[in-house]
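Structure first, commentary second.
Protein chains in written order, with the UniProt record's numbering: chain C, 1 to 389; chain G, 1 to 389.
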């Protein structure tokens with residue numbers, strides 16, 4: 001696997017761990033931990049009561065920086081089932097949402113000025129996260145090209161963007177905002193390219209539950225030998241419809257635990273214990289229920305696709321389509337006009353430098369009837385605007 | 001006020017905000033927001049039900065990156081009452097605990113290689129947070145000196161450590177691990193020094209509820225003109241005994257909101273909505289209850305002080321005392337020996353490079369009787385070890 005960038009070697013491991021280990025080693029029958037700041041005081045507010053036995057920790061108690069062990073085990077078991085190869089709980093880092101997972105990875109792998117290739121258009125905070133970690137994002141337009149022409153040689157485009165400072169490739173599959181999905185042959189070529197240049201792969205799997213294709217979601221870590229260089233980012237926000245919970249997780253190649261946990265600790269110490277319990281409960285959602293949600297999203301897409309009179313990307317997965325406003329002319333103005341008509345669209349340029357004349361539509365943002373009605377208004381604005389030109 | 005370091009100017013402000021504003025401006029009677037990824041799906045797990053009206057947002061919904069408005073207002077009101085001058089909700093950033101608040105500030109003010117003076121001994125993650133933000137921590141030993149001699153000229157010691165790259169001073173008051181408290185004249189001298197060198201002040205107020213002195217807790221932002229250069233870090237962990245909640249907040253000089261929110265967003269998007277609600281509930285804790293907890297901690301300190309046969313710092317506030325093991329000789333070995341005897345102490349060196357022969361005791365970590373009994377064991381180990389030498 002590639003090497004880490006800023007490993008925080010300036011920060012020594014905590015000797016408190018040694019104290020804890022000695023205390024637990026059973027040398028004394030009645031240990032008293034005066035080493036930490038834990039108090040016997042009752043919490044002033046309890047986010048939720050649950051049986052301590054079930055989760056091993058109460059809501060007001062500090063979780064360990066890597067995550068509550070019961071939740072790490074549960075995520076590792078789910079990943080083992082999905083991948084078909086064993087994922088160890090030590091490979092799992094519980095994070096404060098997928099955003100935090102990506103931030104931790106970027107901080108850990110980048111030295112100042114290192115570059116990250118961002119397959120574009122991309123999730124709107126991806127490039128900002130690279131800047132914040134001291135790196136430089138390089139957008140590589142591939143998804144609109146692939147949407148138009150599935151034969152487009154996207155790895156050649158990526159290859160041209162690789163430079164001496166390139167350290168990682170970030171991609172979101174199924175892709176937000178286009179709904180395009182890289183299939184197994186495509187992911188294989190991407191993995192080979194990463195191996196050729198010894199790059200990390202940051203696979204953002206936020207929309208894993210909404211892959212409408214027959215084969216279903218493909219975990220990058222199951223493709224060839226990609227697991228040794230892949231950071232898999234998982235979110236509860238979309239899969240379980242609870243973005244306010246802020247509980248995501250990261251699955252990393254073995255041997256990454258220490259540096260990633262250190263980075264996570266030095267951004268927020270640990271993830272909210274109640275948020276981790278909520279994720280733990282959500283993990284018990286029956287597969288049939290998750291499949292029903294996927295069906296519902298696919299149905300919403302079919303309705304939106306039928307209603308839209310503007311050229312737009314074909315959605316293989318995710319909750320969005322990207323509409324092509326080049327014939328209209330001014331994408332930003334179009335978005336403002338829609339907003340004044342009571343329909344919110346996301347302007348294309350937040351998803352990529354080359355996307356100013358595009359806009360994103362979330363087709364599950366409202367009940368299907370409302371979405372179709374809103375698309376009707378959008379069509380009218382498009383038709384009238386195009387006529388004006 | 002001093003200037004910011006890395007302001008993330010590479011990241012443009014979001015045009016989604018413009019869309020939202022236009023949608024809300026009331027131009028249309030039935031707006032439909034298709035611009036974001038919010039879905040109509042029900043959450044798979046609910047951390048806690050509460051009336052939406054009370055807090056303006058449900059548990060599974062994304063909070064705004066700056067924090068839930070109701071909570072920012074509540075924190076601003078509390079700060080206004082404490083300071084006696086108006087604090088605007090825009091000055092409040094809700095963070096994932098005090099750790100995250102400090103990380104955000106450090107990222108925002110430091111350019112790579114800039115220095116932060118850390119008044120030492122210090123909270124054990126303070127120097128690591130500076131490294132993680134790309135800065136260089138410089139420990140300035142002051143609290144043990146002040147504990148021995150209240151007349152110690154601590155600002156002269158700080159003054160000697162100021163260099164061309166110094167950007168900020170971090171301090172924790174009342175101090176963890178010594179229990180020393182900088183009083184108003186001391187804080188005034190510190191503020192004057194910061195103004196003289198145009199430095200930021202990062203005031204870590206984690207133990208604000210446990211100031212046992214007659215005057216009580218002093219908010220650095222109320223001292224002279226310090227408010228214009230002070231980042232006040234507040235925690236729910238100690239005040240409300242709920243470290244697992246991970247809801248802290250930062251109060252900053254006016255005009256800092258944009259850059260700080262951007263940094264926070266690019267570490268974790270937003271703080272868990274349920275955690276914010278828990279903090280909102282905790283804020284309603286009666287002042288008498290908080291005073292009772294302070295009394296209880298002061299009582300625990302009195303018992304520990306009486307029981308300890310090892311030289312230790314006099315505690316004016318906080319939940320710890322720092323024991324002096326120089327006569328014993330090997331502080332690390334002492335801590336290991338205590339752990340084997342079932343008593344956890346925190347080894348001194350995590351609190352400062354010059355503290356290897358010290359150890360920290362948390363006197364509220366267990367019921368008073370257990371703490372006193374544990375201190376008895378610690379005394380025995382000290383006595384015997386000293387006798388061996």
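We put the CB at the ideal spot given by N, CA and C, even for glycine.
Compare the C-beta of residue 218 (chain G) against all C-beta atoms of chain C and say whether one is closer than 9 Å. no
To which residues of the same chain is residue 188 (chain C) closer than 7 Å at the C-beta, ignoring the five residues directly before and after it? Within its own chain, the residues whose Cβ lies closer than 7 Å to the Cβ of residue 188 (chain C), once the five positions on either side in sequence are excluded, are 223 and 224, listed in chain order.
Chain C partners of residue 245 (chain G), CB-CB under 9 Å? 43, 45, 47, 59, 60, 272, 273 and 274
Own chain residues within Cβ distance below 6 Å of residue 8 (chain C), not counting five before or after: 262
For the candidate residues G:125, G:350, G:14 and G:89, whose alpha-carbon lies nearest to that of residue 331 (chain G)? G:350
Would the beta-carbon of residue 244 (chain G) fall within 9 Å of that of residue 101 (chain C)? no
Write down the C-beta distance between residue 179 (chain C) and residue 323 (chain C) rounded to the nearest angstrom, noting that I regard them as a contact closer than 8 Å. Not a contact, Cβ separation roughly 11 Å.
Would you say residue 10 (chain C) reaches chain G, if we count a Cβ-Cβ gap shorter than 9 Å as a contact? Residue-level contact by beta carbon holds for residue 10 (chain C) and chain G, with a gap shorter than 9 Å.
According to DSSP, residue 32 (chain C) sits in a beta bridge with which residue or residues? G:343
Checking the sheet assignment: what are the DSSP bridge partners for residue 394 (chain G)? Residue 394 (chain G) lies beyond the range of chain G shown here (1 to 389); nothing can be said about it.
Cβ-based burial, residue 167 (chain C) [other Cβ within 10 Å; buried from 16]: buried
Quick one: list the residues of chain G neighbouring residue 370 (chain C), beta-carbon separation under 7 Å, in chain order. 32
Let me check one thing: in DSSP terms, what residues is residue 317 (chain C) bridge-paired to? C:211
For residue 242 (chain C), return the contacting residues in chain G, with the cut-off set at a CB-CB distance below 7 Å. 43, 44, 45 and 60
Quick one: what's got a C-beta closer than 8 Å to residue 260 (chain C)'s C-beta in the same chain, skipping five residues either side? Closer than 8 Å at Cβ, skipping near neighbours: 93, 104, 105, 108, 250 and 252.
Note down the Cα distance separating residue 342 (chain G) from residue 110 (chain G), rounded to an integer number of angstroms. 42 Å
So which of C:48, C:11 and C:22 has the shortest CA-CA distance to residue 279 (chain G)? Closest option to residue 279 (chain G), judged by alpha-carbon separation, among C:48, C:11 and C:22: C:48.
Measuring only between beta-carbons, confirm whether residue 122 (chain C) sits less than 9 Å from chain G. no
Cβ of residue 197 (chain C) within 9 Å of any chain G Cβ: no
At a Cβ cut of 8 Å, what residues of the segment 118–147 of chain G count as close to chain C, listed as they run along the chain? 124, 125, 127, 128, 129, 131, 132 and 134
Note the first and the last residue of the continuous beta strand (DSSP E) segment covering residue 301 (chain C). It is not in any beta strand (DSSP E) - residue 301 (chain C) instead sits in the alpha helix (DSSP H) that spans 287–307.
Can you tell me whether residue 17 (chain C) is buried or exposed, with buried defined as 16 or more other CB within 10 angstroms of its CB? exposed
Pull out every residue of the segment 339–364 of chain C whose Cβ sits closer than 8 Å to any Cβ of chain G, in chain order. 339, 340, 341, 342, 343, 344, 345, 346, 347, 349, 350, 360, 361, 362, 363 and 364
Is the CB of residue 81 (chain C) under 9 Å away from at least one CB in chain G? No, because no Cβ of chain G sits closer than 9 Å to the Cβ of residue 81 (chain C).
Against chain G, with Cβ distances strictly below 9 Å, would residue 379 (chain C) count as a contact? no
CB contact below 9 Å: residue 328 (chain G) versus chain C: Residue 328 (chain G) does not count as touching chain C.
The beta strand (DSSP E) that contains residue 410 (chain G), what's its start and end? Because chain G is modelled from 1 through 389, residue 410 (chain G) falls outside the range shown and cannot be assessed.
Measuring straight from C-alpha to C-alpha, what distance separates residue 415 (chain G) and residue 147 (chain C)? The first residue shown for chain G is 1 and the last is 389, placing residue 415 (chain G) beyond what the model contains.
Compute the Euclidean distance between the alpha carbons of residue 338 (chain C) and residue 353 (chain C), then round it to the nearest angstrom. Each residue's alpha carbon lies about 22 Å from the other.
DSSP three-state label for residue 269 (chain C), please. In this structure, residue 269 (chain C) counts as coil in the three-state DSSP scheme.
Do the segment 68–80 of chain C and the segment 265–283 of chain C touch if we need at least three Cβ pairs shorter than 8 Å? yes
In chain order, which alpha helix (DSSP H) runs of at least 4 residues are fully inside the segment 83–132 of chain G? 97–109 and 126–132
Compute the beta-carbon to beta-carbon distance between residue 307 (chain G) and residue 375 (chain G), rounded to the nearest angstrom, for a pair I have assumed lies under 8 Å. 4 Å
Between residue 176 (chain G) and chain C, is the shortest Cβ-Cβ distance under 9 Å, so that the two count as touching? yes
Would the C-beta of residue 183 (chain G) count as close to the ligand HEM, meaning under 8 Å from any of its heavy atoms? Absence of the ligand HEM from the depicted structure is noted, as is the absence of any ligand whatsoever, leaving it without description.
Between which two residues does the alpha helix (DSSP H) carrying residue 283 (chain G) extend? It is not in any alpha helix (DSSP H) - residue 283 (chain G) carries neither H nor E in the DSSP assignment.
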